[in-house]
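Peer 1:
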Amino acid sequence: MNKVISFAFTAVCALLFCLVCTDNASADEELAQATQKSSEMVSSEQKSDATALVVYFSWSGNTRNVANSIAAQTSADVFEITPETPYSDDYDIILDFARAEHGSNARPAIAGGVENFDRYNIVYVGFPNWWADMPMILYTFFDRYDFSGKTIAPFCTSGGSGLSDTVRTIRELEPNATVLTGLHIRSSSASDPDKAVSEWLASLGLGKQEKTK
Ligand SMILES: Cc1cc2nc3c(=O)[nH]c(=O)nc-3n(C[C@H](O)[C@H](O)[C@H](O)COP(=O)(O)O)c2cc1C
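Residue numbers for the sequence shown follow my numbering, beginning at 24 and rising by one.
In C-alpha cells, the structure reads:
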C-alpha cells in the first residue's frame with residue numbers, strides 16, 4: 024500500500040514539475056519574443072518627446088506619395104532631397120546616369136539642407152530602389168548628417184526588387200543609429216500607400232497617437 028501511495032505521490036510531483044517547466048518555457052518564449060519585438064520598435068521614452076522628420080528622394084513621384092502619407096500620419100516635418108544639378112527627365116538617360124553614379128561611388132551634391140537636423144530623433148528615410156541600391160544622393164545625405172542616437176525608419180519603392188540590401192547598408196553607414204524594419208511599396212501600389220503605411224507605422228509602435236511636437 025505504502026508503495027502505491029509513494030508511487031502516486033511521485034507521479035503527482037512529476038506532473039507538477041512538468042507543468043511548472045512548461046509554464047516557464049512559454050514565459051521564456053514570450054519574454055524572448057517581446058525583447059526581440061521591442062528592439063524593432065520605438066520605446067515609449069523615445070516616443071514621448073519624439074520629433075520626426077521625413078527625408079526622401081523621388082525621381083518620378085512614387086516615393087513622394089509614400090513620404091506624404093507618412094508625413095500625414097505622423098505630423099512629421101518633410102525634407103525632399105533634390106540634386107544641385109537636376110537629373111534628366113528621360114528614363115533611358117537616368118538609367119545609364121544612375122548606373123554610372125553607382126559604379127563610380129559618386130556623391131552627387133544636394134540642393135539646400137535640413138535646418139536643425141539635431142532636433143529630430145526619428146528620421147523616416149525614403150528612396151526609390153536604383154540598381155538594387157539607394158540612389159547615390161542618399162549616400163551624400165548619410166555622409167553629411169550625423170544620425171548618432173537617432174532612430175531611422177527606411178522606406179523604399181521599386182519595380183519589384185524590394186528593399187534589396189538597403190537596410191543593411193544604412194545600418195553599416197549609421198552604426199550609432201537604431202535602424203528599424205524597412206517598408207517596401209511596389210511602384211504599382213505607390214499611388215495608394217496609406218494602408219500599408221499605417222500598418223507599418225503600427226508595427227513599429229509609431230503613428231498618429233505619437234504625433235510629433
Ligand atoms: C535609375 C533607375 C534604376 C532603377 N532600378 C531598379 C531596380 O534595380 N529594381 C527595381 O525593382 N526597380 C528599379 N527601378 C524602378 C524604381 O525603383 C521604381 O519605379 C520606383 O518606384 C521609382 O520611385 P520614384 O517615383 O520615387 O522615383 C529603377 C528606376 C530607375 C529610374
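All residues carry an ideal CB built from backbone N, CA and C; glycine is no exception.
1) Whole angstroms is fine: what's the gap from Asp119's alpha carbon to Asp188's?
2) Count Cβ pairs between the region 175 to 188 and the region 100 to 113 that sit closer than 8 Å; are there 3 or more?
3) For Trp82, which residues in the same chain have their Cβ closer than 7 Å to its Cβ, ignoring the five residues on either side in sequence?
4) Could you check what DSSP says for Leu229 in three-state terms: helix, strand or coil?
5) Just the C-alpha distance for Ser98 and Val89, rounded to the nearest angstrom, thanks.
6) At a cut-off of 6 Å, is Ser81 close to ligand 1 when judged by its beta-carbon and the heavy atoms of the ligand?
7) Does the beta carbon of Ala123 fall short of 6 Å from some heavy atom of ligand 1?
8) Mapping the DSSP letters down to three states, classify Val146 as helix, strand or coil.
9) At what residue ranges does the region 200 to 229 contain a whole run of the beta strand (DSSP E), taking only runs of 3 or more?
10) Quick check: Val148 and Val202, are their CB atoms within less than 7 Å of each other?
11) Please tell me whether Asp217 and Ser92 are closer than 7 Å, where the distance is taken between their beta carbons.
12) Should Ala155 be counted as a contact of ligand 1 given a C-beta to heavy atom distance under 6 Å?
13) Who are the Cβ neighbours of Arg167 in its own chain at under 8 Å, not counting the five residues just before and after it?
14) At which residue ranges does the region 72 to 141 contain complete beta strand (DSSP E) runs of 3 or more residues, listed in the order of the chain?
15) Which residue marks the beginning of the alpha helix (DSSP H) containing Phe178, and which one marks its end?
16) Buried or exposed for Thr163, please, with buried defined as at least 16 other CB atoms from any protein chain shown within 10 angstroms of its CB.
17) So the alpha helix (DSSP H) Asp166 belongs to, where does it begin and stop?
18) Using the DSSP secondary-structure output, state which residues sit across from Trp153 in a beta bridge.
19) Using a Cβ-Cβ cutoff of less than 7 Å, which residues in the same chain neighbour His207 once the five nearest sequence positions on both sides are dropped?
20) Determine the direct distance from the alpha carbon of Ala94 to that of Val220, and round the result to whole angstroms.
21) For Glu195, which three-state DSSP category applies?
22) Within the present structure, is the beta-carbon of Gly205 separated from the nearest heavy atom of ligand 1 by less than 6 Å?
Peer 2: Let me lay it out:
1) 21 Å
2) no
3) Tyr110, Ile117 and Pro151
4) coil
5) 14 Å
6) yes
7) no
8) strand
9) 206 to 209
10) no
11) yes
12) yes
13) Ile133 and Gly136
14) 75 to 79 and 100 to 103
15) Phe178 -> not in any alpha helix (DSSP H); beta strand (DSSP E) instead, spanning Thr174 to Ser181.
16) buried
17) Met159 to Arg167
18) Asp156
19) Cys179, Ser181, Gly185 and Leu186
20) 10 Å
21) helix
22) no
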